[in-house]
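The listed protein sequences derive, respectively, from chains A and B.
Residue 220 in our numbering sits at position 220 of the first sequence; the count goes up by one each step and never skips.
Residue 92 in our numbering sits at position 92 of the second sequence; the count goes up by one each step and never skips.
Where a beta carbon is used, it is the ideal one built from N, C-alpha and C, also for glycine.
There are 2 protein chains.
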Amino acid sequence: MRIAIAQLNYHIGNFDANFQRMESAVQKARQSGADLICFSELAVCGYPPRDFLEFKDFIRKSMEVVNRLCALSQDIAIVVGAPTVNPEIEGKDLFNSAFVLYNCKVLHLAHKALLPNYDIFDEYRYFEPCRSFKTFELKGKRIAITICEDIWNLGNENPMYTICPMDEMIGEKPDFMLNLSASPFDHRHAADRLTVIRANVMRYGIPMFYVNCVGGQTDVLFDGGSVVFGADGRCHEELAFFEEAFAVYDLCEVSGEQGRGALPRDETRHICDALVMGIRDYFKKMGFDKAILGLSGGIDSALTAALACEALGADHVFGLMMPSPYSSRASVDDAVALADALGMKYACIPIESVFGTCNETLRPHFGNLPPDVTEENLQARIRGMLLMAFSNKYAYILLNTTNKSEMAVGYGTLYGDLCGGLAVLADVYKTQVYRLAAHINREREIIPRSSIEKPPSAELRPNQKDTDSLPPYELLDPVLQHYIEQRKGPSEIIAMGYDPEQVRRILRMVNRAEFKRFQAPPVLRVSPKSFGLGRRMPIEGKYLC
Amino acid sequence: MRIAIAQLNYHIGNFDANFQRMESAVQKARQSGADLICFSELAVCGYPPRDFLEFKDFIRKSMEVVNRLCALSQDIAIVVGAPTVNPEIEGKDLFNSAFVLYNCKVLHLAHKALLPNYDIFDEYRYFEPCRSFKTFELKGKRIAITICEDIWNLGNENPMYTICPMDEMIGEKPDFMLNLSASPFDHRHAADRLTVIRANVMRYGIPMFYVNCVGGQTDVLFDGGSVVFGADGRCHEELAFFEEAFAVYDLCEVSGEQGRGALPRDETRHICDALVMGIRDYFKKMGFDKAILGLSGGIDSALTAALACEALGADHVFGLMMPSPYSSRASVDDAVALADALGMKYACIPIESVFGTCNETLRPHFGNLPPDVTEENLQARIRGMLLMAFSNKYAYILLNTTNKSEMAVGYGTLYGDLCGGLAVLADVYKTQVYRLAAHINREREIIPRSSIEKPPSAELRPNQKDTDSLPPYELLDPVLQHYIEQRKGPSEIIAMGYDPEQVRRILRMVNRAEFKRFQAPPVLRVSPKSFGLGRRMPIEGKYLC
């Protein structure tokens, strides 16, 4: 039996485009003599469809795609994920399902049993869990289908679940397993995934074909990395990360035979690749093709520019330097050097005259009150306004350059440097930004050395440094990580040896900045706990602040 | 037996404040000779605590409050909602529980069984559902406790659930029911609630004491309306809406005897009261006391100003008129008349000079390109910037005045008129805005008649009218309501008789504005489907657009 796996980039709700992608994969599979082609979880509508699932019309349109695929299934089995209506009155209205279409009929229908409802996942909001399991037969082979999370409760060791779907099916002696996934990237997940798949294969002693999707869905990034494991527990082949892929395997060759094995892992490179894909897909799926961003001469905007140029092409990225009276000459020089190294266009618009007119306009109302954060924020907001004017005039989409450390403690101006259609670095801590910059510079100096080496500064008042308002990033970032990623409380973090005053100050800053993050742009997610829908905090909460 | 119910306004995570509120209610109950006092769902930590529940430290602090309450329970039973740790390894880490504390011991512990996981609710994200049920005895009376949603699957008629907790307990012959709720307001819910409670009482034939919380938690508004039903199915008494309340009842007097019965319902007044409470509580809980808003002379900003003055006092609300070259003189006059009628302070800052400097600054880069939406948005953003400058300088919080019709179709400028700490009207359709304005003017003309009667306009170019870009609100609003509240698809709405082209145009506008709403301020929720966490849509989704 020959099995094709198609790792595709779906667009949520874009049914025609999704169908066309799958149609050409079916054609390719047929040409390669495949008996079966497998697509990923909820492939027909894209993942995560969120509350679109509450529209009967959306479910109808999904089923139309299933029917169109069904018509293509003469002599080739098509396995594809789609939402289906739960025929029972009791329970949620839908199942998260996998169809097996063969000879223009539905040969088999499987539903997902383990429904993730944590972090960015809300599957219990929509889906009823499956409670009965069976395998199906195709051309003399017996096949067990699971959907994504279904293989993550092996031996019932995952405390979140009480069912292990493969345990229910193994008695029917399947010849191999198919898993349809929509498993998003984070910089730890790709390794965990192989471990879990291997453990499944070792437990059941049969091969597994694991089919993931790829591509950015605004904030949520899917890395692909679909994989085939032989019955012996060896990784036969892992498909590419961050791009579409297609491959066909002979069932009898995936066990024992030497495949290419797993791909090498490189956290920093993977994060860069994920961000580049995230930018590219956001633009493509939103129907845009040009980006603009403010270039301050600092490392964050430089890194964002480099990633944007890789994603969209340097001729589709425009940089704006907007020096204020407090900007150093060197900052503009660094920004120009960066833009030249990347080959992107730029312009320089000093904000002094707009800033001056604003101050004159406000003076009668502010009287003799001394300058304070008002005037600092004003400069940031003038920049946001100028960038948005370019965005409106030339259909540029503004990229936000805030990093995760700043976003965490609220070191940024709402409607100023927090503007943007997409926050590229807001899930990357400042200390990680340096590693990513080094990766960008691995072959030649693109990000100027001085942008990397100078002490971080917002340059909104004379001689300002980030460390005037924040602990140094080497201290800040690990505390943030314990609090945000690990969800440790103050006493647990202090017990690790951190200064109690600093810990309390940092946690207070994080919680008090909730109102800013609520209005921040969507954040490309590369960590297990990113700002956005994966982290839901009450704005008015008084906890730790 | 005498039963006290305390309808209090909790602050999420503000454990000391919550404890103090409950402590004085316990004292009052004791003085009134009560045998039992009942607080609402998750009272110790406030509802909804969201991902704070994932912090062990937060759960510990909740339990400390439970222990402090326990120490107060000599001779009086205290029934209070709190999260508790699930002792089983399998399943979610927590239960949503109700403690019965008596004589300084835990007399009984009940867990919630029906966990809402729709709209703004995410209870499956945190809680394991209860699967075993029992009543408890106090001073010779047997009592059945349920928590909020637990009474909403009467006779198993709610398709979302398969268990009916009271059915499990009624065999133990309880003398009465206690329900601890955190049931948020929407303009239909208060009536449904009485229907459900009455149906429970009729089915089980015993009285029910239903204890809700009250107060705004940023976007989510709790209306109180705690209620006592006699065994005969009559509403004995309903406590006040939108304020704290406390009452004590003799168990033997709630059935048969004539109480004050249910409160009158008035949708428009309730929405106004809810919005006033929402503004007041947001400010109080965030530690602010002064609001600013832009006064355009239009009805939306006028209504917002009137609600803010009621919430905070007119001397705590500041209005800014910011006429542009395209503003009519009449608009400023209307804004001044409104401010005078409300007794609030205001200032007028024409934006012409800042707008001029911005245009001059941009001219070298925009060349001879004709004015377009860029210059319109620029005016809106200059206003946002000036309002935020006042906000920074004087610690005003900016109130957003966008209505739900505008928010739905994206008729507003990101970082311009979409700025604000809180969106007061963004769950109120334009056609409702007129009804609310009439309510504000019920005794005297506060909102000028001309603000109400003139055709809506953004005044960002000569002779602009909303209807240049939008269908008339009388057509727009019902279509929006079918799509947003009722989740009807295009074919279903068209089948109701609406013009197909208009329907498709409106739905496309809604879906294409997702990126704006993502960055909008939190919206005071008064409808069953408000923008925010209750409506989760993919930004890059291609559905209907």
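Is residue i near residue j, with beta carbons less than 8 Å apart?
i	j	result
residue 527 of chain B	residue 427 of chain B	yes
residue 325 of chain B	residue 352 of chain B	yes
residue 393 of chain B	residue 374 of chain A	yes
residue 277 of chain B	residue 242 of chain B	yes
residue 50 of chain B	residue 536 of chain A	yes
residue 209 of chain A	residue 239 of chain A	no
residue 542 of chain B	residue 349 of chain A	no
residue 121 of chain A	residue 65 of chain A	no
residue 341 of chain A	residue 452 of chain A	no
residue 35 of chain B	residue 134 of chain B	no
residue 293 of chain A	residue 401 of chain A	yes
residue 260 of chain A	residue 237 of chain A	yes
residue 344 of chain B	residue 302 of chain B	no
residue 516 of chain B	residue 396 of chain B	no
residue 145 of chain B	residue 199 of chain B	no
residue 96 of chain B	residue 124 of chain A	no
residue 581 of chain A	residue 380 of chain A	With chain A represented from 1 up to 545, any question about residue 581 of chain A goes unanswered, as that position is not in the structure.
residue 175 of chain B	residue 203 of chain B	no
residue 510 of chain A	residue 483 of chain A	yes
residue 43 of chain B	residue 81 of chain B	yes
residue 207 of chain A	residue 230 of chain A	yes
Taking residue i as the reference, which of the options has the closest Cα?
i	options	result
residue 78 of chain B	B:180, B:56, B:115	B:180
residue 195 of chain B	B:223, B:152, B:11, B:184	B:152
residue 107 of chain A	A:209, A:127, A:136	A:136
residue 265 of chain A	A:32, A:190, A:100, A:457	A:190
residue 183 of chain A	A:169, A:222, A:441	A:222
residue 159 of chain A	B:156, B:128, B:488	B:128
residue 114 of chain A	A:156, A:455, A:68, A:84	A:156
residue 220 of chain B	B:275, B:490, B:27	B:275
residue 366 of chain A	B:362, B:364, B:391, B:488	B:391
residue 48 of chain B	B:271, B:398, B:10, B:263	B:10
residue 458 of chain B	B:383, B:22, B:69	B:383
residue 4 of chain A	A:522, A:22, A:16, A:171	A:22
residue 99 of chain B	B:202, B:83, B:33	B:83
residue 487 of chain A	A:369, A:530, A:256	A:530
residue 419 of chain B	B:425, B:431, B:432, B:399	B:399
residue 288 of chain B	B:60, B:371, B:218	B:218
residue 94 of chain A	A:186, A:489, A:80, A:55	A:55
Kindly give me the distance between the Cβ atoms of residue i and residue j, rounded to whole angstroms, as I take these residues to be in contact under 8 Å.
i	j	result
residue 434 of chain A	residue 480 of chain A	Not quite, the Cβ-Cβ distance comes to about 16 Å (not below 8 Å), so this is no contact.
residue 148 of chain A	residue 41 of chain A	5 Å
residue 45 of chain A	residue 58 of chain A	7 Å
residue 377 of chain A	residue 300 of chain A	In fact, because the Cβ distance is near 18 Å, the residues do not count as touching under 8 Å.
residue 456 of chain A	residue 466 of chain A	4 Å
residue 212 of chain A	residue 225 of chain A	6 Å
residue 494 of chain A	residue 518 of chain A	Residue 494 of chain A to residue 518 of chain A, Cβ: 28 Å. No contact.
residue 450 of chain B	residue 330 of chain B	7 Å
residue 25 of chain B	residue 8 of chain B	7 Å
residue 319 of chain A	residue 337 of chain A	Incorrect: roughly 11 Å between the Cβ atoms, too far for contact.
residue 522 of chain B	residue 532 of chain B	6 Å
Who pairs with residue i in a beta bridge, going by DSSP?
i	result
residue 84 of chain B	B:95
residue 146 of chain B	B:179
residue 100 of chain B	B:79, B:108
residue 39 of chain B	According to DSSP, residue 39 of chain B bridges with nothing at all.
residue 7 of chain A	A:245
residue 217 of chain B	B:220
Any beta carbon from chain E within less than 8 Å of residue i's own beta carbon?
i	result
residue 491 of chain A	This model lacks chain E altogether, as its protein chains are A and B.
Notebook entry, point to check: Per the contact definition of three or more C-beta pairs closer than 8 Å, is the segment 240-256 of chain A in contact with the segment 380-394 of chain A?
Noted result: In the pairwise beta carbon analysis, the segment 380-394 of chain A is classified as not touching the segment 240-256 of chain A: fewer than three pairs are separated by under 8 Å.
Margin query: Closer than 8 Å is the cut-off here; do at least three beta carbon pairs connect the segment 407-424 of chain B with the segment 495-511 of chain B?
Written below: At 8 Å Cβ cutoff, the stretches touch.
Checklist line | Touching by the beta-carbon criterion (3+ pairs, under 8 Å), the segment 306-317 of chain B and the segment 231-250 of chain B | finding: Here the segment 306-317 of chain B makes no contact with the segment 231-250 of chain B; the two share fewer than three CB pairs at distances below 8 Å.
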